[in-house]
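There are 4 protein chains.
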Amino acid sequence: MGKKKVRIGMVGYKFMGKAHSLAYRNLPFFFDLDAEPVMQAIAGRDEAGVKAAAEKWGWASYETDWRRLLERDDIDAIDIGTPNHMHAEIAIAAAQAGKHVICEKPLSMNVKESLQMLDAVRHAGVVHMIGHIYRFAPAIQYAKKLIRNGELGQIYHVRAVYLQDWIMDPNFPLVWRLRKDVAGSGAHGDLAAHIIDLARFLVGEIKEVTGMMETFIKKRPIGEMTGGLGAAMTSNQFGEVDVDDAVAFLARFEDGAMGTFEATRFAKGNRNGNRIEINGSKGSIRWDLENMNNLQVYLDSDEPGMQGFRTINCTESEHPYASAYWPAGHIIGYEHTFINMMSEFIKGIAEGRSPAPNFEDGARNQCVLEAVERSSASRQWVNIQAEI
Amino acid sequence: MGKKKVRIGMVGYKFMGKAHSLAYRNLPFFFDLDAEPVMQAIAGRDEAGVKAAAEKWGWASYETDWRRLLERDDIDAIDIGTPNHMHAEIAIAAAQAGKHVICEKPLSMNVKESLQMLDAVRHAGVVHMIGHIYRFAPAIQYAKKLIRNGELGQIYHVRAVYLQDWIMDPNFPLVWRLRKDVAGSGAHGDLAAHIIDLARFLVGEIKEVTGMMETFIKKRPIGEMTGGLGAAMTSNQFGEVDVDDAVAFLARFEDGAMGTFEATRFAKGNRNGNRIEINGSKGSIRWDLENMNNLQVYLDSDEPGMQGFRTINCTESEHPYASAYWPAGHIIGYEHTFINMMSEFIKGIAEGRSPAPNFEDGARNQCVLEAVERSSASRQWVNIQAEI
Amino acid sequence: MGKKKVRIGMVGYKFMGKAHSLAYRNLPFFFDLDAEPVMQAIAGRDEAGVKAAAEKWGWASYETDWRRLLERDDIDAIDIGTPNHMHAEIAIAAAQAGKHVICEKPLSMNVKESLQMLDAVRHAGVVHMIGHIYRFAPAIQYAKKLIRNGELGQIYHVRAVYLQDWIMDPNFPLVWRLRKDVAGSGAHGDLAAHIIDLARFLVGEIKEVTGMMETFIKKRPIGEMTGGLGAAMTSNQFGEVDVDDAVAFLARFEDGAMGTFEATRFAKGNRNGNRIEINGSKGSIRWDLENMNNLQVYLDSDEPGMQGFRTINCTESEHPYASAYWPAGHIIGYEHTFINMMSEFIKGIAEGRSPAPNFEDGARNQCVLEAVERSSASRQWVNIQAEI
Amino acid sequence: MGKKKVRIGMVGYKFMGKAHSLAYRNLPFFFDLDAEPVMQAIAGRDEAGVKAAAEKWGWASYETDWRRLLERDDIDAIDIGTPNHMHAEIAIAAAQAGKHVICEKPLSMNVKESLQMLDAVRHAGVVHMIGHIYRFAPAIQYAKKLIRNGELGQIYHVRAVYLQDWIMDPNFPLVWRLRKDVAGSGAHGDLAAHIIDLARFLVGEIKEVTGMMETFIKKRPIGEMTGGLGAAMTSNQFGEVDVDDAVAFLARFEDGAMGTFEATRFAKGNRNGNRIEINGSKGSIRWDLENMNNLQVYLDSDEPGMQGFRTINCTESEHPYASAYWPAGHIIGYEHTFINMMSEFIKGIAEGRSPAPNFEDGARNQCVLEAVERSSASRQWVNIQAEI
């Protein structure tokens, strides 16, 4: 009732538009915060599409030009869910207009843009976040707590993969995610960005990398998808794929841990296989997005004979965010990571601080992404020089 | 816009109140039906509690007497999420008032009440359903499709358990779910009702049963829970537990299959272990609620050497309800079974028919529950006499 | 060198003959006991077959009449791996001849025979055992230790199934295991006997049962298998199957635990699914023969938030028998349960005592089997009256 | 009876000595080949130790100098299970003495030695093999068959790890496996060699690599293990660890697949985690040594909605080697991979050819190992130049 309102203007009304809308819609249902989001306006170029989205998802109004959102006084925060090449322009303009900003990942097309964005939000003093949602799975937050508390000891190994298979058909069209001018990169910015974020969150900064990138199918029919990731409209004309289908890299963390990372859209049978394992001197954890409520934990302190990985269903009151939902054993899904993230964004705005992951995290992530790209070209190890 | 509105009045604002509210709230977001629910009013005896629930969950108004909902012209359907002993009275009154009804399970305290309720809704010609939500997991619907299409052949075995552990502490208080006058039974009506419904849905009617029921902890502190299943307020006074902690029974299905069923609140480590396995002449399936997006399927038609259970993540467009949500591999959670169920309820009202599971299913389920109780007392097999 | 020799005479040279032979052969390799087996003679009616088996498996001699084994002075112990209807005659004669006896399960065709056998070995003062090998999986022995030490607290539930699928083809012939005069029963004596033994070993005696038995395919081609379980020689003539294809029963244990048991040869996709779960007031265990090295353990004493089933690979020095084999993480297989069992048999002979499971266990098991059969006929609960 | 005898002389009587002995001992029990091994002599420097091993494991004689084995006329083949630095000398001398040779992995200390060994066996015309046993798991052989038959299509990804944790305690002593002069390398030659072999076997040759190696604990107490991997005898003196604790590398295969490899002894909770995943254009496989009987297979040709990884228990007659053992669903263990391998070695000798994996495989493996080492030093990609 007397709650502070955070009036949102969202840009983009496809997959991420849907996920973010759901999050704003359900946030007050599950979380009792000092502030609450108001779904004020959604923007998109195609009027029919954006109007339908507004109605279906519950936005109070719509715009066909995102710049209009920045001009409106009744909007406090901008949510950017567009293709990657527009992130920087929108985010910088939003900051300059004094709006708080939450932006989908990867933050931008390159480190330079990322630094400009970070500079803009810092200069404007607005709250900023980046949409690395998997941090917000209760199991991941709990893993972080274990690591922070030293339960795993010194970390020796990080092993992270993000495996998908949705573009393996050579007739799958050259959608925007496969075009360098729009997406910046392929599996790299889309998937590797996520596991880099998880590793940074859980273990710390990466010091140096050496990597390889590959495009297995080099030409594809020109076309776009209609109606979701699955359906596609293809043509007889072919265009060149100029982004990676897959990337793999080795990493050294600043604290001495070794890392292996792999992101691909060519791992048949893996629809959404975001998996991370961390081994420390005192214990280990394993997590898999396709079974995201569970965390597997091994503790060296278990007595001999009783040692083994525990499967912890992170739906209990001890697990971050879990008590907002259902009783123990009643699982949550993909979308709840967005609700959890938005709870932090709204709290951050209420308190005037930028919760992690924010643009600094986005920029550091971009530094790793770019270092891998340079390494792939130079065939040498590349240091991460994050002048942030 | 021009959609038919189904104005809901809900009775109850605890666990099921929350789950049903979420479902109504999100239904239009995910499903594009000809009709849509309106969250008109919620009823509960405690004004502060029901008012807070109304505000938090988005109900337009509230009442402190459920009878008021029946009197209001602006309400089309009644949703009953109260303790079990009130189901019959409210449902019958609602039907007599010409309201459609959806009622939580178990349908009632006994077969007699169930038949009265069924009679009332049939006589009134209103749409009716019962909240056996687990039918609405995409994996279960897909299993049904496989069985209906004969992919498993003749069914020989059904093996179902529902294992929980939330009342194992002897100091856990004598909450309403442990009182026969309010709940009717313990694990039996609460948990066994669910697996009976799954078995009936997937395989068919049960012909006869023999069972056993047990109360392991016979006295508990008098008190109620405050704030969810976990927290409890206990006293120094003790009262007798007059419902079952656990039940197990054998069954013969009308088509000749053998069944074993077990429901308990005393299976340490199992928070919500609703698991079912079905073996047929041509294949088998396995499902576990704690990993509810997955269905395990074995097909005899796989060539020798390549035979094994497949783990199918039922998040693809071929899986019922899945396309309403996210791309393949992005899992849904417990609450989505309610959204799926409500989509059927609203469609049923729009089309003037009562989708399964409805009060007939509820009554048949109650016949099985009661037969198990009688068998447990008589120590003999009992025929299911469903005069429905 | 100076080790005591236990000279074995084995009756039977099919599946169990192979498994027992392997066990004797490898026992001295893995275990350093005070005594060691000598593979003295193997007996079987078909000379060509038994001679080939003797040569291949390493028996020093062979006989075509098992009675000859009893007459020979150079044989200390008789190992009975014949079809079930011969167990009693051979075992009693062996005892009377002063030979130690190890007999395959089920001990006999009925309780009466079992008691006669028990009487015979007791009277003769010979060492006796029964081949319930699954007790000898390190994971099961470790589970026993946990239960004995009170780690699981008071036991509330036992849930055991033994699922196979090898006779589901209606053209599979009427082999000896499907004939009552030879096998005594079907899945019941073959498979249920195993899970009854596991439950008795881990939890204790069963007080009463109610059960059902079913024969899904009532006529089969007359014939026998040639060369293993897989290959079969069938004819055009059909005979009646007079044993059960499947059995299920409920049980109450003397200490108050509830049990559900199911054994079937009609669970498609389950080649050898011997699975047991036990729930106690302080913890739970789960085990599955198809993954027999692992034990899943849940402990209530784990701190909140860290609770979950641990997967313990029972290949460490703390796990019974494991140190006889390979380093941790190097798994053993089915046959090693026989080696472990034989190590107890040989030790028992050296020390003049009959290790569990022995004929008393076999007789108690038979009492449960027979009570289930009677219950299936009478459709009532039957008390286990073990006058042993 | 009239079978050709292959008289074995084995060098080494520790872990590999035990495993190889078991294999020779059991080979005739399970496999009916044209030839059979005779356990003629075992050699080791410590007379008491080697004598005890000979007696326990069933060797007819023993020697305290391996050179004696080469001089003996009654020995046909030499089995080398010593520490790595002795492989080359013994193998070359054995070949020159006209003995067939089977040698443990890694083949030698470096590529140069490997080529000398390969040259020696080729020149002598003797049969040679290398002990990459994991090829001989039925699941791996079956995976090979699937890949050879094109069931997985074009291979895009290989993902292999070998994770152990047995030396993580800083007080674990400086055993021979941690000394460069004896072992050559650490996890690299011990564990990475295995997953390189699996990848080469299943997918083909590696073209280039870039890698990193790490020693987390740089000083350890001087001492040796007594009685198995677990028990250790340590002192107060410390020595430098000059081998790697962990290694990771990226690879490009000649056919274009990308590979990631990691081997470590610092992955807490992983006793023996040899895991490999392969993704192709038409399907994928997954395998894990700790559950070695199972192969997980995903086939794109499964109809939409029915797609998922199958868990195939490779114990059926269609699976290589499986029919030598037990009926379907009765698993085998670690040691059976040695029996399978020895069956090929003995067959190879009977037929006068060197089955894979042989010294050529060992040398190619060594080329990869050495390229990774050079890459780790140069921080650049290194081509595999296998002049073989």
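Protein chains in written order, with numbering that gives the first Met the number 0: chain C, 0 to 387; chain A, 0 to 387; chain X, 0 to 387; chain S, 0 to 387. Note that CB positions come from ideal geometry on N, CA and C, so glycine has one too.
> Where DSSP assigns a beta bridge to Pro36 (chain C), which residues make up the other side?
Replying inline: Under DSSP, Pro36 (chain C) shares a beta bridge with C:Val5.
> Between which two residues does the beta strand (DSSP E) carrying Arg251 (chain A) extend?
Replying inline: 245-252
>> Which residues of the segment 300-324 of chain S have a Cβ closer than 9 Å to any Cβ of chain A? Give them in chain order.
In response: Asp301, Glu302, Pro303, Gly304, Met305, Gln306, Gly307, Phe308, Arg309, Thr310, Ile311, Asn312, Cys313, Glu315, Ser316, Glu317, His318
> Taking only runs of the beta strand (DSSP E) that begin and end inside the segment 195-224 of chain C, which ones reach a length of at least 3 residues, in chain order?
Replying inline: Segments of the beta strand (DSSP E) lying fully in the segment 195-224 of chain C: 205-213, 218-224.
> With distances taken from CA atoms, which of X:Gln39, X:Pro169, X:Met340 is nearest Ser353 (chain X)?
Replying inline: X:Met340
> So which residues of chain A does Val37 (chain S) contact, with C-beta pairs closer than 7 Å?
Replying inline: Those do not exist, as Val37 (chain S) stays about 35 Å from chain A at its closest Cβ, beyond 7 Å.
> Any beta-carbon of chain A closer than 8 Å to the one on His193 (chain C)?
Replying inline: no
>> If I measure Cβ to Cβ from Glu239 (chain A) and keep anything under 7 Å in the same chain, skipping five residues before and after, which residues do I get?
In response: Around Glu239 (chain A), the same chain offers Lys217, Lys218 as residues with beta carbons nearer than 7 Å, after the five sequence neighbours per side are excluded.
>> By the three-class DSSP mapping on this structure, what secondary structure does Tyr333 (chain A) have?
In response: helix
>> Please confirm whether Tyr333 (chain C) has its beta-carbon closer than 8 Å to some beta-carbon of chain X.
In response: So, not an interface residue.
>> Assuming contact is defined by CB atoms lying nearer than 8 Å, are Ala266 (chain A) and Gln163 (chain A) in contact in what I supplied?
In response: yes
>> Given a cut-off of 8 Å on the beta-carbon distance, is the pair Ile132 (chain X) and Thr336 (chain X) in contact?
In response: yes
>> So within the segment 141-201 of chain C, which uninterrupted alpha helix (DSSP H) runs reach at least 4 residues, ignoring any that extend past its ends?
In response: 179-182, 192-201
>> Is there a C-beta anywhere in chain S that falls below 8 Å from the one on Tyr12 (chain A)?
In response: By this cut-off, Tyr12 (chain A) is not an interface position.
>> Does chain X have any CB closer than 8 Å to the CB of Ser375 (chain A)?
In response: no
> In chain order, what residues of the same chain have a beta carbon less than 8 Å from the beta carbon of Gly351 (chain C), not counting five sequence neighbours either side?
Replying inline: Val126
> Under 8 Å between C-beta atoms, does Trp380 (chain S) make it to chain C?
Replying inline: yes
>> Assuming Asn293 (chain S) is part of the beta strand (DSSP E), what are its boundary residues?
In response: Where Asn293 (chain S) is concerned, the enclosing beta strand (DSSP E) stretches over 293-298.
>> So that I know if they touch, is there some Cβ in chain A lying closer than 8 Å to that of Tyr161 (chain S)?
In response: Residue contact check for Tyr161 (chain S) against chain A: no CB pair falls below 8 Å.
>> I'd like to know whether the C-beta atoms of Ala198 (chain X) and Ala262 (chain X) end up nearer to each other than 8 Å.
In response: no
>> Excluding the 5 residues flanking Gly226 (chain C) on each side, which residues of the same chain have their C-beta closer than 6 Å to its C-beta?
In response: Any reading at Gly226 (chain C) must be qualified, since the residue scores a pLDDT of 47, below 50, and its modelled position is unreliable; no value is offered.
> Around the Cβ of Lys98 (chain C), are there at least 16 other Cβ atoms within 10 angstroms (buried) or fewer (exposed)?
Replying inline: Lys98 (chain C) is buried by the Cβ-count criterion.
> Does the distance from the CB of Ala182 (chain A) to the CB of Arg264 (chain A) come in under 8 Å?
Replying inline: no
>> Can you pull the chain A neighbours of Phe28 (chain C), defined as C-beta to C-beta under 8 Å?
In response: Ser20, Leu21, Arg24, Lys55, Trp56, Gly57
> Do the segment 30-41 of chain X and the segment 31-42 of chain S meet, that is, are 3 or more Cβ pairs less than 8 Å apart?
Replying inline: no
> In chain order, which continuous runs of the beta strand (DSSP E) of length 3 or greater are located wholly inside the segment 273-326 of chain C?
Replying inline: 282-287, 293-298, 308-312
> Does any residue of chain C bring its CB to less than 8 Å from the CB of Tyr61 (chain X)?
Replying inline: no
> When the cut-off is 8 Å and only beta carbons count, does Gly229 (chain C) lie next to chain S?
Replying inline: Residue placement at Gly229 (chain C) is poorly supported in this model, since its pLDDT is 45, which falls under 50; the coordinates still yield a value, given next. Judged by the 8 Å Cβ criterion, Gly229 (chain C) is not in contact with chain S.
>> Assuming Met257 (chain X) is part of the beta strand (DSSP E), what are its boundary residues?
In response: 257-263
>> Tell me which residue opens and which closes the alpha helix (DSSP H) that Asp118 (chain X) is part of.
In response: Note, Asp118 (chain X): alpha helix (DSSP H), 110-123.
>> Looking only at its chain, what residues have a beta carbon closer than 7 Å to the beta carbon of Gly279 (chain A), apart from the 5 residues adjacent to it on each side?
In response: Contacts found: Leu151, Gly152, Gln153, Ile154, Tyr155.
> If Gly268 (chain X) sits next to Gly282 (chain A), beta carbons under 8 Å apart, how far is it from one beta carbon to the other, in whole angstroms?
Replying inline: Between Gly282 (chain A) and Gly268 (chain X) the Cβ distance is about 7 Å, and since that is below 8 Å, they are a contact.
>> Quick check: the Cα distance between Ala52 (chain A) and Tyr12 (chain A), rounded to an integer number of angstroms?
In response: 7 Å
>> Starting from Ser417 (chain X), trace the beta strand (DSSP E) in both directions and tell me its first and last residue.
In response: Nothing can be reported for residue 417 (chain X): it is not among the residues displayed for chain X, which extend from 0 to 387.
> CB-CB under 8 Å to Leu228 (chain X), same chain, minus the five flanking residues each way: which ones, in chain order?
Replying inline: The predicted model places Leu228 (chain X) with a pLDDT of 45, which falls under 50 and marks its position as unreliable; any figure quoted below should be read in that light. Here the set comprises Phe14, Trp165.
> What does Asn364 (chain A) touch in chain C if you count any residue whose Cβ is under 9 Å from its own?
Replying inline: Here the premise fails: no neighbours, minimum Cβ distance about 21 Å.
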